[in-house]
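Take 1 as the starting number for the sequence shown in the UniProt record's numbering and just add one per residue.
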Amino acid sequence: MPPESDARGAGAPYRDDVLARRPPRLLIDGAIAAVLCVTGQVEVFGRAEYDGAPVLPGPRPAAAVLVALLCLALLVRRRWPVASSATVLGLLGGASLVWGGAEAGTVFVAVLLTVYSGTAYGRRPGLVGALAGATAVVHLLRDPHVHGTGDVVFGLGLFAVAWVTGLAMRARHGSIGRLERHVDRLQREREEQIAAATAAERAAIARELHDIVAHAVSVVVIQAQVGRQALPARPEVTDQALLAVERTARDALVELRRLLTLLAGDATSTTSPTPSLAALDALVETLRASGLQVELERADDLPALPATVELTAYRVVQEALTNCLKHAPGARAVASVRQEAGGLVVEVADAGGGRAGSPGTGRGLIGMRERLALVDGTLEAGPTQTGFRVRAVIPTAVVDGPDTAAAVPQLAP
Numbered sequence: 001m002p003p004e005s006d007a008r009g010a011g012a013p014y015r016d017d018v019l020a021r022r023p024p025r026l027l028i029d030g031a032i033a034a035v036l037c038v039t040g041q042v043e044v045f046g047r048a049e050y051d052g053a054p055v056l057p058g059p060r061p062a063a064a065v066l067v068a069l070l071c072l073a074l075l076v077r078r079r080w081p082v083a084s085s086a087t088v089l090g091l092l093g094g095a096s097l098v099w100g101g102a103e104a105g106t107v108f109v110a111v112l113l114t115v116y117s118g119t120a121y122g123r124r125p126g127l128v129g130a131l132a133g134a135t136a137v138v139h140l141l142r143d144p145h146v147h148g149t150g151d152v153v154f155g156l157g158l159f160a161v162a163w164v165t166g167l168a169m170r171a172r173h174g175s176i177g178r179l180e181r182h183v184d185r186l187q188r189e190r191e192e193q194i195a196a197a198t199a200a201e202r203a204a205i206a207r208e209l210h211d212i213v214a215h216a217v218s219v220v221v222i223q224a225q226v227g228r229q230a231l232p233a234r235p236e237v238t239d240q241a242l243l244a245v246e247r248t249a250r251d252a253l254v255e256l257r258r259l260l261t262l263l264a265g266d267a268t269s270t271t272s273p274t275p276s277l278a279a280l281d282a283l284v285e286t287l288r289a290s291g292l293q294v295e296l297e298r299a300d301d302l303p304a305l306p307a308t309v310e311l312t313a314y315r316v317v318q319e320a321l322t323n324c325l326k327h328a329p330g331a332r333a334v335a336s337v338r339q340e341a342g343g344l345v346v347e348v349a350d351a352g353g354g355r356a357g358s359p360g361t362g363r364g365l366i367g368m369r370e371r372l373a374l375v376d377g378t379l380e381a382g383p384t385q386t387g388f389r390v391r392a393v394i395p396t397a398v399v400d401g402p403d404t405a406a407a408v409p410q411l412a413p
């Protein structure tokens with residue numbers, strides 16, 4: 001039945017709870033039908049009269065069966081509203097043709113109730129209205145108690161009021177249904193927006209974790225290998241390697257602690273400055289201590305850059321050099337940062353040849369592309385004749401805003 005819609009969404013639990021406290025509709029309709037049936041049988045067998053004639057003309061057994069059938073039809077007035085209305089109106093019209101019009105209050109209540117229900121809940125309110133009009137005409141023509149225009153107008157008016165009331169309730173149900181569907185649609189859109197924002201935040205966190213952990217673990221692994229190999233004959237190299245391991249691990253712990261603090265939403269905690277171009281020197285020194293021959297070429301005339309641009313540039317250099325350390329250990333790499341017409345250009349190239357180092361998953365390049373996409377930057381990465389090159393262009397017109405800040409968590413170097 002279209003007027004009654006099954007609502008879902010934010011308000012659905014409340015509505016379901018309210019509906020759960022209501023008595024079942026079949027129980028309500030059953031109680032109404034039972035009361036009308038008892039009242040009707042009293043009218044039949046109590047010889048109720050109106051204006052000197054029985055209110056239910058015809059044999060009493062037939063009248064009793066008629067009342068019972070009318071009441072049975074009331075039980076399904078919501079489930080099958082049109083069929084219930086057609087049954088009641090057909091019984092009343094047939095009885096009026098055979099025995100004359102009835103004046104029993106039970107019959108009128110049953111007829112008006114089913115006309116209302118068929119119009120309010122059914123799919124064909126026009127058909128119900130036509131059947132009600134035809135039945136009213138037959139009943140009035142066959143009713144011996146109708147005397148004049150006033151009685152005709154009154155009788156037709158009762159049917160019309162029931163039908164119009166059903167139309168009004170139908171319109172109300174339709175408005176409520178449309179409103180509930182609109183609310184549900186808004187709720188679904190809100191849930192989709194929350195899910196999208198959550199996915200974006202998780203992706204940003206995953207990128208940060210990859211940048212932090214991949215760099216730190218790569219340095220630790222390389223330094224551990226150096227220390228293990230130099231332990232018997234060169235203890236001073238072992239000491240340097242262990243110090244580098246300790247320093248790198250501590251830096252990683254600091255960044256992870258900042259990330260966890262941000263995730264926990266601790267407003268009282270203080271955060272260190274985000275990684276910037278000024279932190280590249282410390283990054284290069286760490287990688288040099290791990291055996292990577294790194295040269296940093298940074299233009300002296302760089303303009304003041306937004307924090308987001310500097311963070312992105314730092315992460316690109318960090319990821320590219322970490323990849324050099326993993327895939328081309330001992331190779332020579334050059335990292336350059338300069339300003340060009342298209343924006344800030346970050347380029348890292350190594351002479352690692354065929355890259356015989358440890359295999360990678362490709363997540364680092366994917367993370368760099370995603371990070372650059374947040375600031376409308378571009379990334380080129382691929383092999384060269386002597387090794388591998390990564391080139392990123394970051395528009396310097398990018399400003400820190402709510403979208404970028406939310407997508408790139410602010411972490412300590």
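Just so you know, even glycine gets a beta-carbon here, dropped at the ideal spot from N, CA and C.
Bridge partners - I194, DSSP secondary structure assignment:
Looking up residue 194 in the sequence shown gives position 194. Bridge partners of I194: none, in fact.
Apart from the five residues on each side of it in sequence, which residues of its chain come closer than 7 Å, Cβ to Cβ, to A136?
In the sequence shown, the residue the question calls residue 136 occupies position 136. These residues qualify, in order along the chain: G155, L156, F159.
I'd like the list of long-range same chain contacts for G30, defined as Cβ closer than 7 Å, with 5 residues on each side in sequence excluded.
By one-based count along the sequence shown, residue 30 stands at place 30. Within the same chain, G30 has close Cβ partners L75.
What are the start and end residues of the beta strand (DSSP E) that includes P383?
Mapped onto the sequence shown, residue 383 falls at position 383. That run of the beta strand (DSSP E) goes 378-383.
Pair within 8 Å by beta-carbon distance, M368 and E319:
Reading the sequence shown from its first residue, position 368 is the one you call residue 368. Reading the sequence shown from its first residue, position 319 is the one you call residue 319. Yes, the Cβ-Cβ distance between M368 and E319 is below 8 Å.
What whole-angstrom Cβ distance do V82 and L112 have, given they're in contact under 8 Å?
Taking the sequence shown and counting its residues from 1, the one referred to as residue 82 is at position 82. Taking the sequence shown and counting its residues from 1, the one referred to as residue 112 is at position 112. Taking a contact as a CB-CB distance under 8 Å, the pair V82 and L112 does not count as one, their CB atoms being some 16 Å apart.
Since I believe D350 is in contact with G291 (beta carbons under 8 Å), could you give me their beta-carbon distance rounded to a whole number of angstroms?
Along the sequence shown, read from residue 1 onward, the residue named residue 291 stands at position 291. Along the sequence shown, read from residue 1 onward, the residue named residue 350 stands at position 350. In this structure G291 is not in contact with D350, their Cβ atoms being roughly 13 Å apart against a cut-off of 8 Å.
Could you give the first and the last residue of the continuous beta strand (DSSP E) run that contains A333?
Residue numbering aside, residue 333 sits at position 333 when the sequence shown is read from its first letter. Element bounds for A333: 332-340.
A195 to E310 span [Cα, whole Å]
The sequence position of residue 195 within the sequence shown is 195, counting from 1. The sequence position of residue 310 within the sequence shown is 310, counting from 1. If you take the alpha carbons of A195 and E310, they lie about 29 Å apart.
Element boundaries [beta strand (DSSP E), containing A351]
Start at 1 with the first residue of the sequence shown, and residue 351 comes out as number 351. Premise fails: A351 is in no beta strand (DSSP E) and is neither H nor E.
Cut-off 8 Å between Cβ atoms - residues of its own chain near Q339, not counting five sequence neighbours on either side:
Counted from its first residue, the sequence shown places residue 339 at position 339. Excluding sequence positions up to five before and after Q339, its CB lies within less than 8 Å of the CB of A299, D301, L302, P303, V345, T396, all in the same chain and listed in chain order.
Boundaries of the alpha helix (DSSP H) in which E43 is found, first to last residue
For the purposes of this step, residue 43 is taken as the residue at position 43 of the sequence shown. Note, E43: alpha helix (DSSP H), 25-45.
Would you mind working out which of E180, T308, V316, V98 sits nearest L283, comparing C-alpha positions?
The residue given as residue 283 occupies position 283 in the sequence shown. The shortest Cα separation from L283 among E180, T308, V316, V98 belongs to V316.
How long is the line joining the alpha carbons of A249 and P383, rounded to whole angstroms?
The residue you call residue 249 lines up with position 249 of the sequence shown. The residue you call residue 383 lines up with position 383 of the sequence shown. Taking the straight line joining both Cα atoms gives about 31 Å.
Hey, quick one: how far does the alpha helix (DSSP H) through E295 stretch, first residue to last?
Locating residue 295 in the sequence shown gives position 295, counting from the first residue. From DSSP, E295 is part of no alpha helix (DSSP H) but of the beta strand (DSSP E) over 293-298.
For D343, name the three-state secondary structure that DSSP assigns.
Along the sequence shown, read from residue 1 onward, the residue named residue 343 stands at position 343. The amino acid at residue 343 is misidentified as Asp; the sequence shows Gly. G343 sits in a strand when the DSSP states are folded into three classes.
For P329, does the count of other Cβ atoms within 10 angstroms reach 16, so buried, or fall short, so exposed?
Here the question's residue 329 lines up with position 329 in the sequence shown. So P329 counts as buried.
DSSP on R79, reduced to helix/strand/coil?
By one-based count along the sequence shown, residue 79 stands at place 79. If DSSP states are grouped into helix, strand and coil, R79 belongs with coil.
Buried or exposed: R371, going by 16 or more other Cβ atoms within 10 Å of its Cβ?
On the sequence shown, residue 371 is found 371 positions in, with the first residue counted as 1. With 16 or more Cβ atoms within 10 Å of its Cβ, R371 is classed as buried.
For V67 and A132, the rounded distance between their alpha carbons
Here residue 132 is taken as the residue at index 132 of the sequence shown, counted from 1. Here residue 67 is taken as the residue at index 67 of the sequence shown, counted from 1. Straight-line measurement puts the Cα of V67 at about 18 Å from the Cα of A132.
Is it right to say L91 is buried, meaning 16 or more other beta carbons lie within 10 angstroms of its own, or is it exposed?
Looking up residue 91 in the sequence shown gives position 91. When all chains shown are included, L91 counts as buried.
Excluding sequence positions up to five away, which residues of its chain have a Cβ less than 8 Å from the Cβ of V109?
Counted from its first residue, the sequence shown places residue 109 at position 109. Excluding residues up to 5 positions away in sequence, L36 lie with their Cβ nearer than 8 Å to the Cβ of V109 in the same chain.
Could you spell out where the beta strand (DSSP E) holding V390 opens and where it closes?
Translated into the one-based positions of the sequence shown, residue 390 becomes position 390. DSSP places V390 in the uninterrupted beta strand (DSSP E) bounded by 388-394.
Could you check the C-alpha separation between R332 and Q293 for me, to the nearest Å?
As a working note, residue 332 is residue 332 in the sequence shown. As a working note, residue 293 is residue 293 in the sequence shown. Taking the straight line joining both Cα atoms gives about 5 Å.
Who are the Cβ neighbours of V393 in its own chain at under 7 Å, not counting the five residues just before and after it?
Here the question's residue 393 lines up with position 393 in the sequence shown. Result list for V393: G342, G343, V345, G377, T378, in chain order.
Compute the beta-carbon to beta-carbon distance between L325 and L287, rounded to the nearest angstrom, for a pair I have assumed lies under 8 Å.
What you label residue 325 is simply residue 325 of the sequence shown in a count that begins at 1. What you label residue 287 is simply residue 287 of the sequence shown in a count that begins at 1. 6 Å between Cβ atoms; contact.
Restricting to Cα atoms, I'd like to know which of E380, L321, G364, F45 is closest to G352.
Here residue 352 is taken as the residue at index 352 of the sequence shown, counted from 1. Scanning E380, L321, G364, F45 for the CA closest to the CA of G352 turns up L321.
Euclidean distance between Cα positions of A307 and T274:
Indexing the sequence shown from 1 puts residue 307 at position 307. Indexing the sequence shown from 1 puts residue 274 at position 274. Taking the straight line joining both Cα atoms gives about 8 Å.
Output the distance between the C-alpha atoms of H327 and R202, rounded to the nearest integer angstrom.
Position 327 of the sequence shown, counting from 1, holds the residue named residue 327. Position 202 of the sequence shown, counting from 1, holds the residue named residue 202. The alpha-carbon atoms of H327 and R202 are separated by roughly 27 Å.
Going by other Cβ atoms of all chains shown within 10 Å of its Cβ, with 16 needed for buried, is G166 buried or exposed?
Numbered from 1 along the sequence shown, position 166 holds the residue referred to as residue 166. By the Cβ neighbour-count rule, G166 is buried, with 16 or more other Cβ atoms within 10 Å of its own.
Have a look at M1 and T312 and give me their C-alpha separation to the nearest angstrom.
Taking the sequence shown and counting its residues from 1, one reaches residue 1 at position 1. Taking the sequence shown and counting its residues from 1, one reaches residue 312 at position 312. Reliability fails at M1, whose pLDDT of 42 lies under 50, so the model's placement of it is uncertain and no value is given.
Is it buried or exposed for G174, if we count other Cβ within 10 angstroms and need 16 for buried?
Residue 174 sits at position 174 when you count from the first residue of the sequence shown. Around the beta carbon of G174, fewer than 16 other beta carbons lie within 10 angstroms, which makes this residue exposed.
What's the gap between the Cα of V337 and the Cα of V245?
Counting from 1 along the sequence shown, the entry for residue 337 is found at position 337. Counting from 1 along the sequence shown, the entry for residue 245 is found at position 245. Each residue's alpha carbon lies about 27 Å from the other.
Around the C-beta of R190, are 16 or more other C-beta atoms found within 10 angstroms, so that it is buried, or is it exposed?
Position 190 of the sequence shown, counting from 1, holds the residue named residue 190. In this structure R190 is exposed. Its beta-carbon is surrounded by fewer than 16 other beta-carbon atoms within 10 angstroms.
List the endpoints of the continuous alpha helix (DSSP H) containing R315.
The sequence position of residue 315 within the sequence shown is 315, counting from 1. Annotation: the continuous alpha helix (DSSP H) that includes R315 extends over 307-327.
With a cut-off of 8 Å on the beta carbons, I'd call L97 and R142 a contact; round off their distance for me.
Counting from one through the sequence shown, the residue named residue 97 turns up at place 97. Counting from one through the sequence shown, the residue named residue 142 turns up at place 142. Between L97 and R142 a beta carbon distance of about 6 Å is seen, short of the 8 Å cut, so the two are scored as contacting.
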